[in-house]
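Take a look at the structure set out below.
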Amino acid sequence: MAEQLRMVEAVRETLRTELGRDDDVVVYGEDVARAGGVFRATEGLVDDYPERVFDAPVAESGIVGIGVGLAATGLRPVPEIQFQSFLYQGFHQLAQHVARIRSRTRGTITCPMTIRTPYGGGIHALELHSESFEAGFSHVPGLKVVIPSSPAETKGLLTAAVRDPDPVVFMEPTRLYRSFREEVPEHHEIPLGEARVVDSGDDVTVIAWGSMLREALEAVEDVGASAEVIDPRTLSPLDTATIVDSVKKTGRCVVVHEAPRTAGLAGEITARINEEAFFYLEAPLERVTGYDVPVPMFAREDDYLPDSERIAAGVHRALDDG
Amino acid sequence: MAEQLRMVEAVRETLRTELGRDDDVVVYGEDVARAGGVFRATEGLVDDYPERVFDAPVAESGIVGIGVGLAATGLRPVPEIQFQSFLYQGFHQLAQHVARIRSRTRGTITCPMTIRTPYGGGIHALELHSESFEAGFSHVPGLKVVIPSSPAETKGLLTAAVRDPDPVVFMEPTRLYRSFREEVPEHHEIPLGEARVVDSGDDVTVIAWGSMLREALEAVEDVGASAEVIDPRTLSPLDTATIVDSVKKTGRCVVVHEAPRTAGLAGEITARINEEAFFYLEAPLERVTGYDVPVPMFAREDDYLPDSERIAAGVHRALDDG
Amino acid sequence: MPREDIAQFTIRSVQVLSEEEDVDEELVPSLTDDQLLALYEQMKRSRRLDERAIALQRRGELGTYAPAIGQEAAQVGSAFAMADGDWIVPSFREQSALLARGTPPHKILWYAMGMEEGAEIPGGEGAFPPSIPVGTQPLHAVGIGWGEALQGRSNVAVTYFGDGATSEGDVYEALNIAGVYDAQTVFVCQNNRYAISTRLQNQTAAETLAQKAVAAGIEGIRVDGNDVLGVYRVARDAIEKARNGTPVLIEAMTYRRSMHTTSDDPSVYREADEEVEWEARDPIVRFQVYLEDRGILDEETKSELDDRIESEIAEAIDRAREGGEDIDPADMFRYTYDEMTPELERQFEAFEGDVDG
Amino acid sequence: MPREDIAQFTIRSVQVLSEEEDVDEELVPSLTDDQLLALYEQMKRSRRLDERAIALQRRGELGTYAPAIGQEAAQVGSAFAMADGDWIVPSFREQSALLARGTPPHKILWYAMGMEEGAEIPGGEGAFPPSIPVGTQPLHAVGIGWGEALQGRSNVAVTYFGDGATSEGDVYEALNIAGVYDAQTVFVCQNNRYAISTRLQNQTAAETLAQKAVAAGIEGIRVDGNDVLGVYRVARDAIEKARNGTPVLIEAMTYRRSMHTTSDDPSVYREADEEVEWEARDPIVRFQVYLEDRGILDEETKSELDDRIESEIAEAIDRAREGGEDIDPADMFRYTYDEMTPELERQFEAFEGDVDG
Ligand SMILES: Cc1ncc(C[n+]2csc(CCOP(=O)(O)OP(=O)(O)O)c2C)c(N)n1
Ligand SMILES: Cc1ncc(C[n+]2csc(CCOP(=O)(O)OP(=O)(O)O)c2C)c(N)n1
Ligand SMILES: [Mg+2]
Ligand SMILES: [Mg+2]
């Protein structure tokens, strides 16, 4: 039975379902049990599953690192890192162990862990509560990186992530946590690695994820172009085929992300398009991204974040050039 | 007076010169004093500057983090992280503080720290001794990222890095530490952010850094093409102008790096070329990179690392396509 | 030596002014009446700023704000023991300490308005801005304490963090490195019993947080953090030691009387009873009674002082609002590097022209 | 309560078989002669493997290798105290412990030949492969010790690390989290006095490493790490405690008699005198004299045992060489994810065809 849910509720219901479905699922993290998480994404779970939902000490490297051991004993750890920037505290555990334990042991020890973490700007949060490091995580082979853009997508993707045999960094855009409701089916799994064509069109391909997707859709409407809007959903592994097929059709493309431009994923996507659809390109690929500055504090945040206006300008450039 | 030096000696002599020139320079790190560093890059420095060269506990987050404080008191910290992968242990200090202290305090506190760290493959080292995360570091605004490709370049770039008012991640390719000598001028400073055109040519631009530069030069010779070979030297900020000018001339380009392909800097460089030289491009840009797998242990390392043969194949593709 | 006890450690706890208003005469610091009043005033100033800030946040004028209500003695007592040239390296809840060290209140408001202007520390002020990532800043304080020593200066760094922070590896690394380098650093851990919703028993199995020092081989001591005289006394001694190259960890036992931040609702995870109990143990009240008992504080002085604080903070709010009106967003491009990089310049031009992505 | 001692900690050190061959009869574990001989044999096996491995490395057959010479008692004694189902979570110098837990020697050689085959642990073996990043693996052991508890099983995890590792925040986080979750984990810190070239006094101001446990509120104990009976005794007790949810940190005092790794030259940073002194304190010699004195080991048994080890290791070397000949480099593509991703498949095809970048 489908329900109208906000994204944060979709997270909660997915975790509840997975805890119920699989005795091996363990949810832990800072303030996730007693308080139900700072965004209330895990609210009530400890009441139903007191033996598998735990508060953790304020120790992100620990939270990530113990996941490797939990997984080795047969559990499926689903920790929360309170904000994505604090996953940096555990970046070494992620890159040195979580991502590599399968390859270095030839598949004899694996780490089917899903690290959930809120990310991105737009809610006027404190310093270091608004970063987007999906490119950095995607540059670590062995990890998967997933970002949902709506409540229903969250359900489908988080379900797949928890069940995935490989470690997943699951980044939840805080800006969308409570921004809208939509119908969320009770059972719903979206295979990782498949992009979604959100809108079909012929003139230009626009690629955006997380909270940027809505901005992109708005921009496209403002411009009035026939745009194909694609949400990759899984950033690693990326669904190159869907993107390339679209660009072969449109010949023009705009890639949007909140993260700083340099070494961001727009570069990677540009490179893949360049490699596989070069002769179809009619204009340079456009990047509409965060600037190459540390995400400023929130008084300047709106000036940092790409919005529909900046995306629209990018779409115009893509359409006008060439 | 110029001397014939290996890269590791160039590092040492540069540090010696900078310690002598500027009383604020402090060198510290694991095993850098008594033992002179595991690669002997700091050998003897503690004898000449016992008050400013120190062994550090095995604590990379600490090594990076205390640098922020040392700098605030007016010093110029030049720590060594024993191998680049272990800088991950301090990645949070790097991204949350080192890179941001200037911007968040509006320039009133700065961190002119140079973090030296050996990186890259090719010497059959242990696990996690061969990674290349220059793309990840370059994705953090506020940092500079520098990679030398020869002893003389090391002298010029490390001198500039130590004197730079901003934090620099200075990555030294272990494979080149002792592989060859060249003349190294006693006083030599290469401005950060300027690429070097190593070889001029008209048919194709080949971009490579660190130990890949030599492979690229060999490949180009093998192919026998008229190639313009560019060593960016500073990966962040990248000298886009030099690269773009070259590609405007050649219309074809191959970017080489050891790091895994996805979200690596070849993507960023492709995107910049696409943006600024799109209409000059005659063929898709080619990437010759590490594979999207964890750098394997050394028995499989040679199969992972790009070599002149793979680069030559890339050059051929660039020349043949389009 | 088959079985031998090879090392022994004792954690001592200190209190100078008890909840019953008894004083340990031997430990009581010799402070003038003016100094005692200054301690009191600083605590009141911080309390009032917090109250106004919470209200401003509720009206949408500030972003997330972390009140120090209940922790004023722990912060003011320790900050008061610092000397000119000493450094303060705070966490995100240290307005009491920052105000006591001279940070103007409008800057604290600017910070809460999401403005870098609030984190701007004019050179030589000996302060670091708030640090959001829990447990990261003690390492900076170790770098400062070591850097001062390396340069033959006697300034110390005093750094603040919470009970939750002690679970972070960085805090341990800081304590340990301080011990190795004889860093001129004092660590003030405010054990306010909560890390957001998480109680101490879910944070560590250690009975005290002072004993975290044992692992680093440095000194650790506990103090009643709601006793401003006790905190001052312990901090003064610790700072003297640190000045001579002996780092010290102080655990100040206190209670976060208010919400974690304005985004938090403590009723989700703790009983009102507990809050009521701690209201009675408020550090300002305890000290006020002490001052009144000794005739140092009378109604007149009190209302003068309240008025002064009220108008100061009103002025600070005005100033903060004014400053907030004309911030230049383009500053983000200017302060990333010493000189703007070419790519940033390109982005900056696009930003100014509002055309490019 | 003005001034009060609120917590007290004592670090105890244990030795069962002294350097003078005296035995603490009360503590001496009741082991059969066969078990005693097995302890001895395991130490010898590890020593011999190390010797052969160093020679192989010098001939270019192995990569960087970290000998455990001098540390055999610390490792074998503790590994011997483990039961079926228990997990071993080693650092990079634990061949003595791994061999004692049943890892075949050719796998250790494969690892040193740079082959993932050497880190392949068939499911259910209860072992983790070597961990290169210092101090990272104790967290895995905490996860295991907690995970076993969560699933109602009594298996414990025993993890190994060095004196240098105790400076890493991760090790502290591991100890602390173990305390919070009552993880079934034993931490064996081999204090071999060096972290590469760095001595303990440059690593920490703490007098002992056992006292690192105090910060986490768990038990810490020191043992003479060159006394295999003492180590066994202390480890057995610790494992029993851990099995019941009480994590324990053991500091085993030992000495790295050989180089840090085959890339290292200890003469750069330490005196030969010191090495000579510790040669006399070799753990195998000490135990051998004990066994001989008690008539458990005679010349015949010894040479039988030496021969057995010699041929085992010779076989292992042959097997390692053979296995090294036909490794498939394409495996790197196969084991990155459960299923190869499309992009990896593309790269794999290019790799096979050797055409694409
Ligand atoms: C590295 C990091 N992890 C998590 C957080 C989220 N967070 C903010 S405050 C806090 C609790 C801190 O507790 P404590 O150290 O006791 O300080 P208090 O808030 O009580 O002053 C947490 C988990 C953070 N800011 N930084
Ligand atoms: C995180 C990390 N930092 C640095 C290194 C380099 N390194 C390898 S071993 C070692 C010293 C370890 O000393 P200790 O923990 O005492 O173990 P031992 O070598 O004595 O067995 C260092 C610094 C590493 N492997 N990992
Ligand atoms: Mg607290
Ligand atoms: Mg050691």
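Protein chains in written order, with the working numbering: chain A, 1 to 322; chain B, 323 to 644; chain C, 645 to 1001; chain D, 1002 to 1358. Ideal placement from N, C-alpha and C gives every residue a C-beta, glycine not left out. The model shown is predicted, which means the values in this text are computed figures rather than measured ones.
Asked                                                                                                                                                                                               : Found
Taking CB distances under 9 angstroms as the criterion, tell me whether Ile1251/D reaches chain C.                                                                                                  : no
Are the C-beta atoms of His461/B and some chain A residue less than 9 angstroms apart?                                                                                                              : yes
Whose C-alpha, out of Ala741/C, Ala860/C and Asn846/C, is nearest the C-alpha of Thr803/C?                                                                                                          : Ala741/C
Within 10 angstroms of its Cβ, does Thr676/C collect 16 or more other Cβ (buried), or is it exposed?                                                                                                : exposed
Within 10 Å of its beta-carbon, does Ser200/A have 16 or more other beta-carbons around it, so buried, or fewer, so exposed?                                                                        : exposed
Name, in chain order, the residues that DSSP records as bridge partners for Cys575/B.                                                                                                               : Thr527/B
Let me confirm a value: Gln652/C is counted as buried when at least 16 other C-beta atoms fall within 10 Å, else exposed. Which label applies?                                                      : exposed
Near ligand 1, which residues have their beta-carbon closer than 5 angstroms to a heavy atom?                                                                                                       : Glu30/A, Val58/A, Gln82/A, Phe86/A, Arg737/C, Pro777/C, Val778/C, Gly806/C, Asp807/C, Gly808/C, Ala809/C, Asn836/C, Ala839/C and Ile840/C
If you draw a straight line from the alpha carbon of Glu663/C to that of Arg930/C, how long is it in whole angstroms?                                                                               : 7 angstroms
Say whether chain C places a C-beta atom closer than 9 angstroms to the C-beta of Phe1010/D.                                                                                                        : yes
How many whole angstroms separate the CB atoms of Val32/A and Asp55/A, which I take to be in contact at a CB cut-off of 8 angstroms?                                                                : 6 angstroms
Name, going along the chain, the residues of the stretch 369-383 of chain B whose beta-carbon falls closer than 8 angstroms to a beta-carbon of chain C.                                            : Glu373, Arg374, Phe376, Ala378, Pro379, Ala381 and Ser383
Going by alpha carbons, who is nearest to Glu134/A out of Glu268/A, Ala241/A and His316/A?                                                                                                          : Glu268/A
Would a C-beta distance cut-off of 9 angstroms place Glu851/C and Gly1218/D closer than the cut-off?                                                                                                : yes
From the DSSP output, read off the bridge partner residues of Gln659/C.                                                                                                                             : According to DSSP, Gln659/C bridges with nothing at all.
Taking just the CA atoms, how far does Glu540/B sit from Thr117/A?                                                                                                                                  : 45 angstroms
Where Ala318/A and Gln1348/D are concerned, what is the direct C-alpha to C-alpha distance, given to the nearest angstrom?                                                                          : 30 angstroms
Since Ala712/C is in the alpha helix (DSSP H), which residue starts that stretch and which ends it?                                                                                                 : Counting along the chain, Ala712/C falls outside any alpha helix (DSSP H), and DSSP gives it neither H nor E.
Using C-beta distances below 6 angstroms, list every residue in its chain close to Ala634/B, excluding the 5 sequence neighbours before and after it, in chain order.                               : Ala541, Asp544 and Val545
Tyr626/B and Met1333/D: beta carbons closer than 9 angstroms?                                                                                                                                       : yes
Is there a Cβ from chain C that is less than 9 angstroms from the Cβ of Pro294/A?                                                                                                                   : yes
Leu1028/D versus chain C: which residues are under 8 angstroms apart at the beta carbon?                                                                                                            : Pro646 and Arg647
Is there a Cβ from chain D that is less than 9 angstroms from the Cβ of Lys144/A?                                                                                                                   : yes
By how many angstroms is the C-alpha of Thr708/C removed from the C-alpha of Glu969/C?                                                                                                              : 19 angstroms
Going by DSSP, what residue range makes up the beta strand (DSSP E) through Val25/A?                                                                                                                : Val25 to Gly29
Closer than 8 angstroms to a non-hydrogen atom of ligand 2 - does that hold for the CB of Gln1191/D?                                                                                                : yes
I want to see whether chain D comes within less than 9 angstroms of Asp307/A, judged by CB atoms only; does it?                                                                                     : no
Can you list the residues of chain C that Met297/A reaches, using a CB-CB cut of under 7 angstroms?                                                                                                 : Gly758, Met759 and Glu760
Which residue from Leu480/B, Leu514/B and Val349/B puts its Cα closest to that of Asp561/B?                                                                                                         : Leu514/B
Of all the CB atoms in chain C, is at least one closer than 9 angstroms to the CB of Ala1243/D?                                                                                                     : no
Considering only C-alpha positions, which residue in the set Glu956/C, Pro973/C, Pro986/C and Glu983/C is nearest to Lys751/C?                                                                      : Glu956/C
Considering only residues of the stretch 950-996 of chain C, which uninterrupted beta strand (DSSP E) runs meet the minimum length of 3 residues and lie entirely inside it, listed in chain order? : none
Put Pro79/A into one of helix, strand or coil per three-state DSSP.                                                                                                                                 : strand
Between Lys856/C and chain D, is the shortest Cβ-Cβ distance under 9 angstroms, so that the two count as touching?                                                                                  : yes
Determine which residues of the stretch 17-32 of chain A have a Cβ less than 8 angstroms from any Cβ of chain C, and write them out in chain order.                                                 : Glu30 and Asp31
Quick one: grab the DSSP three-state call for Glu309/A.                                                                                                                                             : helix
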